[in-house]
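First comes the structure, then the notes that go with it.
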Amino acid sequence: MGLTARIRTRDGWAVSHAVVTVTDMTGTQVLRAEADPEGAVRDGTELAPGAYTVIVTAVGYAPAASSAIVTASGRAEVGTVTLARQGGAELPPPGPWTIDPAHSSVAAVAQHLGISSVHGRFTEFGGTIEIAPDDITKSRVEAVIRAASVDTGNGMRDTHLRSGDFLDVERHPEITYRSTGLAQAGPDRWTVHGELAMHGVVRPVDLDLAYLGTGADPWGGTRAAFRATTELHREDFAMNYNQVLQAGIAAIGTTLRIELDVQAVQGESLPAA
Numbered sequence: 001m002g003l004t005a006r007i008r009t010r011d012g013w014a015v016s017h018a019v020v021t022v023t024d025m026t027g028t029q030v031l032r033a034e035a036d037p038e039g040a041v042r043d044g045t046e047l048a049p050g051a052y053t054v055i056v057t058a059v060g061y062a063p064a065a066s067s068a069i070v071t072a073s074g075r076a077e078v079g080t081v082t083l084a085r086q087g088g089a090e091l092p093p094p095g096p097w098t099i100d101p102a103h104s105s106v107a108a109v110a111q112h113l114g115i116s117s118v119h120g121r122f123t124e125f126g127g128t129i130e131i132a133p134d135d136i137t138k139s140r141v142e143a144v145i146r147a148a149s150v151d152t153g154n155g156m157r158d159t160h161l162r163s164g165d166f167l168d169v170e171r172h173p174e175i176t177y178r179s180t181g182l183a184q185a186g187p188d189r190w191t192v193h194g195e196l197a198m199h200g201v202v203r204p205v206d207l208d209l210a211y212l213g214t215g216a217d218p219w220g221g222t223r224a225a226f227r228a229t230t231e232l233h234r235e236d237f238a239m240n241y242n243q244v245l246q247a248g249i250a251a252i253g254t255t256l257r258i259e260l261d262v263q264a265v266q267g268e269s270l271p272a273a
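If you read the sequence shown in the UniProt record's numbering, its first letter stands for residue 1, the second for the next number, and so on.
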């Protein structure tokens, strides 16, 4: 007898801090129960037969309400209740997440000779994500990239990119990004406002972020996936070198398209190898 329910996010994860309130048809509260760590609610309070309203709330999520009919057995089986992020926007469960470099990529694309693209990546980086529980827009991200880890598949070009003409890695070994705010751009899309420090220059840079979902990994952890893009202009970061060909075409384009594919592991550190 009593109330049973399962509280889940849109992608199927337990909402362990959910609260279920049951009111009768007069609006009087007759039962209040909290979900366990698995998002399950089991309360043995016997309810009189009749119609009730079930309201599920959780910090950071929009409330959900439904009707329930209690039979002569005194049971109310609510089933699975899916909670949406406040405002309809989705992000992973609140708390700390750690970027996994082994399953993430930081890539850049520049135009070459006006007719093709040069693709590069940074192979050494790390970072943290903090999903705020109360106000999701206060979530934070910080990342550090080793500038010398740039790799375009061409050793001579990579050496030039590490030089004073471009990244100047001897004087500026790290590229850092720190978010300053988060704004909803759709149900699973966000604009991350932040500051990028590169080549001794700090500039505001926005990331167009898509949240791809959350799931279990083979090592017993929980992972969240994101994809983010932005465009940078080299001159904004005092990288003004260019070689202009006879036709007036720049050898290397001044605009860089940045493409980030990120997996983050729930927790304050990566699992031991």
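Glycine included, C-beta positions come from ideal geometry on N, C-alpha and C.
Residue i, enclosing alpha helix (DSSP H) - first and last residue
i            : result
aspartate 43 : Taken as a continuous stretch (DSSP letters only), aspartate 43 belongs to no alpha helix (DSSP H), being part of the beta strand (DSSP E) at 40-43.
arginine 157 : 155-162
Cβ-based burial, residue i [other Cβ within 10 Å; buried from 16]
i              : result
isoleucine 145 : buried
tryptophan 219 : exposed
methionine 198 : buried
threonine 98   : buried
arginine 234   : buried
aspartate 188  : buried
valine 106     : buried
residue 277    : Lying before the first or after the last residue shown, residue 277 is absent from the chain, which here runs from 1 to 273.
glutamine 263  : buried
alanine 65     : exposed
valine 265     : buried
serine 67      : exposed
Residue range of the beta strand (DSSP E) that includes residue i
i              : result
histidine 233  : 222-233
aspartate 206  : 201-216
leucine 3      : 2-9
threonine 28   : Segment: none, threonine 28 is in no beta strand (DSSP E) and carries neither H nor E.
isoleucine 145 : 140-146
valine 19      : 19-23
For residue i: DSSP bridge partner residues
i             : result
tryptophan 97 : Ile129, Gln266
residue 284   : Look at the range of the chain in this structure, 1 to 273, and you will see that residue 284 is not part of it.
glutamate 195 : Arg178, Pro204
histidine 119 : Val109
threonine 254 : DSSP, once it has assigned bridges, lists no residue as partnering threonine 254.
glycine 12    : Paired residues: none, contrary to the question.
glutamate 124 : None; glutamate 124 has no bridge partner.
valine 150    : Phe122
aspartate 188 : DSSP, once it has assigned bridges, lists no residue as partnering aspartate 188.
Any chain D beta carbon closer than 9 angstroms to residue i
i          : result
proline 49 : Among the protein chains of the structure shown there is no chain D, as only one such chain exists.
Could you tell me whether the region 157-164 touches the region 123-138, where touching means 3 or more Cβ pairs closer than 8 angstroms?
no
Could you check whether the region 2-16 touches the region 26-41, counting it as contact only if at least three pairs of C-beta atoms, one from each stretch, sit closer than 8 angstroms?
yes
Contact the region 56-73 vs the region 196-208: 3+ CB pairs below 8 angstroms:
no
Which ranges would you report for the beta strand (DSSP E) in the region 32-85 if only whole runs of at least 3 residues count?
40-43, 50-57, 64-70, 75-83
Do the region 14-31 and the region 219-233 meet, that is, are 3 or more Cβ pairs less than 8 angstroms apart?
They do not touch, by the three-pair rule.
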